[in-house]
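Trainee: Would you mind keeping the following structure in view while I ask a few things?
There are 2 protein chains.
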Amino acid sequence: MRKLKESRRPEILDAALAIAAERGLDALSMRAVAQRMGVTPMALYGYYRSKDEMLDAVLGRLLAEIPIPPAGLGWREVIEQLAYGLRAVAVRYPSVLPLVFTRPAISPAAVRVVDATYQALLAAGAPPAQVPRLERMLSTFAVGHTLSEVSGRFGDGTLDPQARRAQLTPEQLPGHTCLASHLDNPVDWTDEFRTDLRDLCELVERLAASARTAT
Amino acid sequence: MRKLKESRRPEILDAALAIAAERGLDALSMRAVAQRMGVTPMALYGYYRSKDEMLDAVLGRLLAEIPIPPAGLGWREVIEQLAYGLRAVAVRYPSVLPLVFTRPAISPAAVRVVDATYQALLAAGAPPAQVPRLERMLSTFAVGHTLSEVSGRFGDGTLDPQARRAQLTPEQLPGHTCLASHLDNPVDWTDEFRTDLRDLCELVERLAASARTAT
DNA sequence: ACCTGAACACCGTTCAAGT
DNA sequence: ACCTGAACACCGTTCAAGT
Numbered sequence: 001m002r003k004l005k006e007s008r009r010p011e012i013l014d015a016a017l018a019i020a021a022e023r024g025l026d027a028l029s030m031r032a033v034a035q036r037m038g039v040t041p042m043a044l045y046g047y048y049r050s051k052d053e054m055l056d057a058v059l060g061r062l063l064a065e066i067p068i069p070p071a072g073l074g075w076r077e078v079i080e081q082l083a084y085g086l087r088a089v090a091v092r093y094p095s096v097l098p099l100v101f102t103r104p105a106i107s108p109a110a111v112r113v114v115d116a117t118y119q120a121l122l123a124a125g126a127p128p129a130q131v132p133r134l135e136r137m138l139s140t141f142a143v144g145h146t147l148s149e150v151s152g153r154f155g156d157g158t159l160d161p162q163a164r165r166a167q168l169t170p171e172q173l174p175g176h177t178c179l180a181s182h183l184d185n186p187v188d189w190t191d192e193f194r195t196d197l198r199d200l201c202e203l204v205e206r207l208a209a210s211a212r213t214a215t
Numbered sequence: 001m002r003k004l005k006e007s008r009r010p011e012i013l014d015a016a017l018a019i020a021a022e023r024g025l026d027a028l029s030m031r032a033v034a035q036r037m038g039v040t041p042m043a044l045y046g047y048y049r050s051k052d053e054m055l056d057a058v059l060g061r062l063l064a065e066i067p068i069p070p071a072g073l074g075w076r077e078v079i080e081q082l083a084y085g086l087r088a089v090a091v092r093y094p095s096v097l098p099l100v101f102t103r104p105a106i107s108p109a110a111v112r113v114v115d116a117t118y119q120a121l122l123a124a125g126a127p128p129a130q131v132p133r134l135e136r137m138l139s140t141f142a143v144g145h146t147l148s149e150v151s152g153r154f155g156d157g158t159l160d161p162q163a164r165r166a167q168l169t170p171e172q173l174p175g176h177t178c179l180a181s182h183l184d185n186p187v188d189w190t191d192e193f194r195t196d197l198r199d200l201c202e203l204v205e206r207l208a209a210s211a212r213t214a215t
């Protein structure tokens, strides 16, 4: 268990993010990072014990770019700004986003975002016992929706609804048939993100309201 | 653009799923699949054009294991059964779950799950124009929550809340400090999944109700 | 304190060939 | 129709050594 160096960590994370942004997550190898820094791959192991540990740090660096909203904002604004902040970061580094779902969110930056959300939910009047659950629901939505969009789970444009339905007969897909008129127009994902978030905030409000009447 | 063989595809997908379940997604290599089938790695390229294409098929095979609820159920039951079905599959093959967020959901199995959800939302009385959005919200939640749990994003037990807070001073984390009493007890993820799903169904109900009064 | 070089056990994939 | 074998350009990581 050697002691690790700190000095060039920021440089390493910058190089890693740049590679991921330019050539995708698969191209983000220790050898690529080393080459970009003009150093041997083995030099990196003085700073991180493994690639896995380096990726944790890359994720932390990413989440650190989400701005924490200033004090004095309404709770809805706080939640919206955090969600949009995550979305903005994700759009800049789409290929790194899968890491969020794949490793524990324990970096200081991640914990600060969680804490700001806790405060907002408490300010909204949500029952304290439910606040951690609601934070998990909101963050799961924000990350999941953005990741679905940028990774193509929602359909990446190259494969339109017609092509999807073509694999099965219309009789097997009554739902799609009913909604045919709504499935052809393209979707504005930013808009949908905002609408979903509003609906989820309504849900928080309703939980807060029913907690007030219960006491 | 050669013509691909079909014959041994099921065998290949079985081998791939078994490897992923036993040794994780990183161990799921073409060479490992080939070895398990007693064949040369290159033999696989007669069935799939690339590893990427094979992974798409693995995902399709996984989603095909989600049972489609029988006709005659209430819309809430349909949505719940689909969500629990996804969760059950995910728990059996946790390491494959990240693929859901990483590639388009265009397999016949995926489309059938989406269609069943469309039908349930229409039966609930949700405005047709909002049904695709609500389906995306529900599936994003179901996959995201399950993936967060099994991949450790929600905290994997080895790193408790105390350790998370220890990285920052209590003054920097007023939200965590307020909720201290609620953050120490362990969470039953299955229970939380059910509660969240109920809340989301309430949201659908409310949208349906306000659509009724608007007309 | 910081970095290198050679080596090991792996990858996905191409190409030409074999039955 | 189905599979093999050798080869290429990659991986992460260990170990011993160099300044």
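So the sequence lines, in the order shown, correspond to chains A and B.
So for the first sequence, my numbering puts the first residue at 1; every next one is plus one.
So for the second sequence, my numbering puts the first residue at 1; every next one is plus one.
The C-beta atom is built at its ideal place from N, Cα and C for all residues, glycine as well.
Restricting to Cα atoms, I'd like to know which of R112/A, L62/A, S95/A, A15/A is closest to H169/B.
Mentor: According to the sequence as given, residue 169/B is Thr; it is not His. Among R112/A, L62/A, S95/A, A15/A, the Cα nearest to that of T169/B belongs to R112/A.
Trainee: Considering only residues of the same chain and omitting the five flanking positions on each side of E149/B, which have a CB-CB separation below 7 Å?
Mentor: W189
Trainee: Could you name the residues of the stretch 9-20 of chain A whose beta carbon sits closer than 9 Å to any beta carbon of chain B, in the order they occur along the chain?
Mentor: none
Trainee: With 16 as the cutoff for other CB atoms within 10 Å, does D115/B come out buried or exposed?
Mentor: Here D115/B is buried. Its C-beta has 16 or more other C-beta atoms within 10 Å.
Trainee: Using a Cβ-Cβ cut-off of 6 Å (strictly less than) and excluding sequence neighbours within five positions of D48/A, which residues of its own chain qualify?
Mentor: Inspection of the sequence shows that residue 48/A is occupied by Tyr rather than by Asp. Sequence-distant Cβ neighbours of Y48/A in its own chain, meaning closer than 6 Å and more than five residues away, are M54.
Trainee: Enumerate in chain order the residues of its own chain whose CB-to-CB distance from R136/B is below 8 Å, with the five nearest sequence positions on each side excluded.
Mentor: none
Trainee: Can you list, in chain order, the residues of its chain whose CB lies under 6 Å from that of L121/A, leaving out five sequence neighbours each side?
Mentor: Cβ-Cβ distances below 6 Å link L121/A to V131, L134 in the same chain, with the five nearest sequence neighbours on each side left out; the list follows chain order.
Trainee: Taking 6 Å as the limit between beta carbons, can you name the residues of its chain near L59/A, skipping five residues before and five after?
Mentor: Excluding positions up to five away in sequence, the list reads L99.
Trainee: Would you check if there are 3 or more beta carbon pairs closer than 8 Å linking the stretch 123-130 of chain A to the stretch 174-186 of chain A?
Mentor: Short answer: they don't touch.
Trainee: My parser needs the alpha helix (DSSP H) runs of 4 or more residues fully inside the stretch 72-126 of chain A; what are they?
Mentor: Taking only runs of at least 4 residues, the alpha helix (DSSP H) segments lying wholly in the stretch 72-126 of chain A are 75-92, 98-102, 108-123.
Trainee: Could you tell me whether any Cβ in chain B is nearer than 7 Å to the Cβ of M30/A?
Mentor: no
Trainee: Can you list, in chain order, the residues of its chain with a C-beta nearer than 7 Å to that of I79/B? Leave out the 5 residues immediately preceding and following it.
Mentor: T117, A120, L138, C201
Trainee: Does the stretch 69-78 of chain A come into contact with the stretch 21-32 of chain A, if we say contact requires no fewer than three beta-carbon pairs (one atom in each stretch) closer than 8 Å?
Mentor: no
Trainee: Return the CA-CA distance between R221/B and A142/A, expressed in angstroms with no decimal places.
Mentor: An answer regarding residue 221/B cannot be provided, because it is not within the stretch 1 to 215 covered by chain B.
Trainee: Who are the neighbours of C178/A on chain B, taking C-beta pairs under 9 Å?
Mentor: Those within 9 Å of C178/A in chain B are Y118, Q119, L122, P128, V131.
Trainee: Could one say the Cβ of T102/B lies closer than 7 Å to chain A's Cβ atoms, at least one of them?
Mentor: yes
Trainee: Closer than 8 Å between beta carbons: that is the criterion. Which residues of the stretch 50-62 of chain B meet it against chain A?
Mentor: Sequence-ordered contacts of the stretch 50-62 of chain B with chain A are nonexistent [C-beta pairs closer than 8 Å].
Trainee: Exposed or buried, S107/A, counting other C-beta atoms within 10 Å across all chains shown (16 or more means buried)?
Mentor: buried
Trainee: Kindly indicate if chain A contains any beta-carbon less than 7 Å away from that of R153/B.
Mentor: yes
Trainee: Between which residues of its own chain and K51/B is the CB-CB distance below 6 Å, once the five residues before and five after are set aside?
Mentor: M30
Trainee: Do I66/B and L86/B come within 7 Å of each other at the CB atom, strictly closer than that value?
Mentor: yes
Trainee: Please state whether DSSP places K51/B in a helix, a strand or coil.
Mentor: helix
Trainee: According to DSSP, simplified to helix, strand and coil, what is D56/B?
Mentor: helix
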